[in-house]
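Data first, discussion second: the structure below is written as structure tokens.
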Amino acid sequence: QLIEGVNEVARSLVPFHSESGALHPVADGMRRLLNPDGIAILTRERPGECLFRYADGSLAEWSGYVLSGSSAELMEALFLLDTVTLFHRKQRSPWAREFLYADGTTWGAIAPIHAHGENLGAVLLNHGKPLRFRAEQTAALQTLATLAGVAILEDRHRVHLEDLFMSVIVSLTMALEAKDPYTEGHSVRVAAYSEAIGKQLGLPPAQLDMIHRSCLVHDIGKIAVDENILGKREALDVREREKMDMHTLIGESILRPVALLHPLLPGVRSHHEHYDGTGYPDGLAGEEIPIEARIMAVADAFDAMTSTRTY
């Protein structure tokens, strides 16, 4: 049963599902197989510093906390041991003093996370009731820690690819804007305004980052719009307006083949929707419009009205 459970976790990591987080399947496997009260997965950001990248149950409050000082030094010592460490509150153990966090916790376990010869972090379990850890459970914990290492490396790879794709597409957008002195820097300004609006609304950092990225590429679809239309001083006729309005759908189609950029699609597609339903391309109204697109629409209009434009 333990082996099959570990295999299920391994299968869940391929393909990687970015929307659920790479470490969630690993934590779910630990919960099913070992039933601890608290689970934390720490990643080694640099020597002497570990981040609680994932934490739930009795350890949930530590999510996002950076471990340093004597606790981080103990973690570095753990990496040298390269084995699962079990500890009990009654033991005179440095592990028990440093890593039994929750009230009522009596025992714990730490497994180092290694992959490709690199110390990536550690898995920490806390539990209130005594549990006899058999050899197969210890092996399962170490195997799950190894899978956590795979997930961490996968996440790093995803971030690198995402940054690579973004840099290429943002470069295209900047090149497009630079051809017209009236629109140069428009996307960067819209990103700054949108992020400021989002902060004022109390949106979480991850959503602010997604909005910022969406703004940087929101007009990428204009790469397919004729320059004579983009730079026309007079009002656009009906045919020209139809071509201009297509830039939201073209932008979405440019980004859609890259799965890592899918979170940006709602903002790119819907940033010209209007709250009263008179916008395009879908005629959405009110809160049917994604929040990021509503914010971008305000920032986009504000920048247009406060910039000198040919029209």
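If you use the working numbering, the sequence shown closes out at 304, no skipped numbers anywhere. Backbone N, C-alpha and C fix where the C-beta goes; we use that ideal spot for every residue, glycine too.
Report buried or exposed for residue i, applying the criterion of at least 16 other Cβ atoms within 10 angstroms of its Cβ.
i, result
"Thr305", "Since the first residue shown for the chain is -6 and the last is 304, residue 305 is missing from the structure and cannot be characterised."
"Leu194", "exposed"
"Leu73", "exposed"
"Gly214", "buried"
"Val59", "exposed"
"Ser13", "In this predicted model, Ser13 has a pLDDT of only 38, less than 50, meaning its place in the structure is not dependable enough to derive any value."
"Arg232", "exposed"
"Arg4", "Because Arg4 sits at a pLDDT of 43, beneath the cut-off of 50, its placement in the model cannot be relied upon, and the point is left open."
"Val77", "buried"
"Ala199", "exposed"
"Gly31", "buried"
"Asn0", "In this prediction, Asn0 scores a pLDDT of 41, lower than 50, which makes its location untrustworthy; the coordinate-derived value is nonetheless stated afterwards. Looking at its Cβ environment, which holds fewer than 16 other Cβ atoms inside 10 Å, Asn0 is exposed."
"Gly97", "exposed"
"Val7", "Only weak support exists for where Val7 lies, its pLDDT of 43 falling under 50; the value from the coordinates is given anyway. That one is exposed."
"Ala292", "buried"
"Asp212", "buried"
"Pro197", "exposed"
"Ala128", "exposed"
"Asn119", "buried"
"Asp230", "exposed"
"Glu111", "exposed"
"Arg302", "exposed"
"Ser187", "buried"
"Glu91", "buried"
"Thr136", "buried"
"His150", "exposed"
"Gly270", "exposed"
"His240", "buried"
"Ile(-4)", "Legend: pLDDT at Ile(-4) = 44, less than 50; position of this residue unreliable, value from coordinates given subsequently. Exposed: under 16 other Cβ atoms inside 10 Å."
"Gly279", "exposed"
"Gly62", "exposed"
With which residues is residue i paired in a DSSP beta bridge?
i, result
"Glu42", "Arg39"
"His120", "Trp100"
"Tyr186", "Bridge partners of Tyr186: none, in fact."
"Thr78", "Ile103"
"Ala33", "Ala48 and Leu117"
"Ala108", "Glu111"
"Leu60", "Cys43"
Check each candidate in the options and name the one with the smallest Cα separation from residue i.
i, options, result
"Ala65", "Asp238, Ser86, Glu188 and Arg37", "Arg37"
"Val183", "Gln200, His205 and Gly57", "His205"
"Val19", "Thr271, Lys192 and Glu147", "Glu147"
"Phe295", "Leu257, Ala185 and Gly260", "Ala185"
"Leu253", "Leu52, Ile162, Glu111 and Asn119", "Ile162"
"Ala138", "Trp55, Ile34 and Gly272", "Ile34"
"Ile383", "Gly279, Glu245 and Thr166", "Residue 383 lies beyond the residue range present for the chain, which begins at -6 and ends at 304; the question has no answer from this structure."
"Lys192", "Ala128, Ile288, Trp55 and Glu220", "Ile288"
"Glu170", "Ala228, Glu266 and Glu220", "Glu220"
"Gly41", "Ala168, Gly114, Ile190 and Asp202", "Gly114"
"Arg39", "Glu69, Leu27, Ala53 and Pro29", "Glu69"
"Leu140", "His107, Phe80 and Arg85", "His107"
"Tyr310", "Ser56, Arg149, His109 and Phe126", "No answer is possible for residue 310: the residues shown for the chain start at -6 and end at 304."
"Cys208", "Ser180, Glu235 and Lys83", "Ser180"
"Asp202", "Asp275, His240, Leu257 and Phe158", "Leu257"
"Val116", "Leu44, Arg234 and Lys83", "Leu44"
"Gly142", "Glu235, Arg234, His109 and Glu54", "His109"
"Lys122", "Val210, Ser160 and His81", "His81"
Compute the beta-carbon to beta-carbon distance between residue i and residue j, rounded to the nearest angstrom, for a pair I have assumed lies under 8 Å.
i, j, result
"Pro87", "Leu67", "6 Å"
"Ser263", "Leu277", "6 Å"
"Pro259", "Ala286", "6 Å"
"Glu266", "Ile282", "5 Å"
"Gly244", "Val261", "5 Å"
"Leu52", "Phe126", "That pair is no contact at about 18 Å."
"Asp75", "Pro29", "Actually they do not touch by this definition, with Cβ atoms about 22 Å apart."
"Ala144", "Leu27", "Their Cβ separation, rounded to whole angstroms, is 17 Å, which puts Ala144 and Leu27 out of contact at 8 Å."
"Asp238", "Tyr273", "5 Å"
For the ligand NAP, I want to know if residue i counts as a neighbour, meaning its beta carbon is within less than 6 Å of at least one of the ligand's heavy atoms.
i, result
"Leu223", "This structure lacks the ligand NAP, and indeed carries no ligand of any kind."
Against chain C, does residue i count as a neighbour if the rule is that its beta carbon must be under 7 Å from one of theirs?
i, result
"Glu266", "Structure shown: chain C not included; a single protein chain is present."
Evaluate the contact criterion for the stretch 223 to 237 versus the stretch 249 to 263: three or more CB pairs, one atom per stretch, below 8 Å.
-> no
Should the stretch 130 to 139 be called in touch with the stretch 151 to 166, which here means at least 3 C-beta pairs below 8 Å?
-> no
On the three-pair Cβ rule with 8 Å, is the stretch 17 to 25 touching the stretch 96 to 110?
-> no
Stretch pair the stretch 46 to 64 + the stretch 176 to 184: three plus CB contacts closer than 8 Å | no
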